[in-house]
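All residue numbers for the sequence shown refer to the UniProt record's numbering, where the first residue is 1 and numbers rise by one. We put the CB at the ideal spot given by N, CA and C, even for glycine. Below is one structure, written out as structure tokens; comments come after it.
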Amino acid sequence: MPVPRQPVPRQPARHQPASRQARKAPPGVTSHVWPSGGRHLWPSGEISPPQVHDRGHLVYAAGGVLAVHTARGTSIVPANRVAWTPAGFTHRHRAHGDTDMRIVFLAPSLARLVPDRPAVFLASGLAREVLLTLTGPRNYDGTAPGHTRAARSRLLRVLVDELREADEQPLHLPEPHDDRLRALARMLYENPADTATLAELGRRTGASTRTLSRLFRAELGMTFYEWRTQLRIHHALVLLAEGHDTTRTAYACGWANPSGFIAAFTDVIGTTPGRYRAGHR
1 MPVPRQPVPR
11 QPARHQPASR
21 QARKAPPGVT
31 SHVWPSGGRH
41 LWPSGEISPP
51 QVHDRGHLVY
61 AAGGVLAVHT
71 ARGTSIVPAN
81 RVAWTPAGFT
91 HRHRAHGDTD
101 MRIVFLAPSL
111 ARLVPDRPAV
121 FLASGLAREV
131 LLTLTGPRNY
141 DGTAPGHTRA
151 ARSRLLRVLV
161 DELREADEQP
171 LHLPEPHDDR
181 LRALARMLYE
191 NPADTATLAE
201 LGRRTGASTR
211 TLSRLFRAEL
221 GMTFYEWRTQ
231 LRIHHALVLL
241 AEGHDTTRTA
251 YACGWANPSG
261 FIAAFTDVIG
271 TTPGRYRAGH
281 R
């Protein structure tokens, strides 16, 4: 199961200010919070409580791997990726490996320039440096003067411009709603190595191949095989971050051999599993 499925309420009756919510860090989490962002150091396996913010926010994992869960699905945020959650979306975070999570809130004037749904973007070198600057020590520990409002506004605009130029990444795994798709998804969440065909899975869930194919396209906007590949890549990112080697990860995620896994992983993530794993040691 790549990311445990947690019950998430659709939306609280009232929004609390983002800064008040962010202060309530789970036990074991070291947090620094300020009005425009925050930094949380998460031990592996830590899960935040469900929360919702009045402003949309970007999250970046300077170390480890972060999962962002919403009612729309799950986004995996490995190194060099940035996840966007719009305002009003109930969400929770989970750390895979010890994770250094950085958060930047966007004002509505900037939030309207990015998608109105959860998304994951490739982080350019410039975007990464801006994120680290906006969430670095000078924001919270008093060791250096903080940024002026004008300087922060300029940095935020550079960051949003970089994300608008970046490719959106296929790392958001949409959540099915049809009961037949949910039953199928549950089986593959629990066993990503299952190599059953769509016809075989259909027999287990009581739906025809044609019906399931139509539902995947209509609800999730992709084919079954595209969805399953994303599910397996999600699981692989988690296993690699937790220290598993390429061969073990390949078989645990359903690839017949490591070479097929390496090719698929590199195509989606942009680097080999070995290099990715080395960056998380």
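Bridge partners - residue i, DSSP secondary structure assignment
i: residue 75; result: 68, 172
i: residue 101; result: 40, 61
i: residue 30; result: 41
i: residue 85; result: 57
i: residue 121; result: 82, 168
i: residue 91; result: 51, 70
i: residue 96; result: 65
CA nearest to the CA of residue i, picked from the options
i: residue 86; options: 267, 56, 213; result: 56
i: residue 134; options: 175, 150, 121, 119; result: 150
i: residue 147; options: 275, 34, 94, 29; result: 34
i: residue 105; options: 95, 73, 52; result: 52
i: residue 116; options: 88, 233, 76, 264; result: 88
i: residue 192; options: 229, 160, 158, 171; result: 229
i: residue 226; options: 252, 171, 257, 190; result: 171
i: residue 90; options: 107, 70, 82; result: 70
i: residue 219; options: 257, 199, 262, 182; result: 182
i: residue 178; options: 213, 160, 259; result: 213
i: residue 58; options: 270, 272, 264, 101; result: 101
i: residue 233; options: 155, 103, 272; result: 272
Beta-carbon separation (whole angstroms), residue i vs residue j, contact threshold 8 Å
i: residue 62; j: residue 132; result: 7 Å
i: residue 76; j: residue 231; result: That belief does not hold up - the Cβ atoms of residue 76 and residue 231 are roughly 10 Å apart, past 8 Å.
i: residue 130; j: residue 164; result: At roughly 13 Å, the Cβ-Cβ gap does not stay under 8 Å, so residue 130 and residue 164 are not in contact.
i: residue 160; j: residue 121; result: Rounded, the Cβ-Cβ distance is 10 Å, inconsistent with contact.
Classification of residue i by the beta-carbon crowding that lies within 10 angstroms, buried from 16 upward
i: residue 282; result: Nothing can be reported for residue 282, as the shown portion of the chain is limited to 1 through 281.
i: residue 247; result: exposed
i: residue 126; result: exposed
i: residue 277; result: buried
i: residue 60; result: buried
i: residue 139; result: buried
i: residue 109; result: exposed
i: residue 176; result: buried
i: residue 36; result: buried
i: residue 162; result: buried
i: residue 78; result: buried
i: residue 46; result: buried
i: residue 107; result: exposed
Nonlocal neighbours in the same chain, by C-beta distance under 8 Å from residue i, ignoring five residues either side
i: residue 98; result: 41, 42, 43, 44, 63, 64
i: residue 217; result: 223
i: residue 73; result: 118, 172, 173, 174, 175
i: residue 128; result: 60, 80
Sequence-distant residues of its chain with Cβ nearer than 7 Å to residue i (five each side left out)
i: residue 194; result: 187, 188, 254
i: residue 32; result: 38, 39, 140
i: residue 209; result: 198, 199, 202
Residues near residue i by beta carbon distance below 6 Å, same chain, minus five either side
i: residue 180; result: 205, 207
i: residue 257; result: none
Heavy atom of the ligand MG within 7 Å of residue i beta-carbon
i: residue 201; result: Absent from the structure shown: the ligand MG. Ligands present: none.
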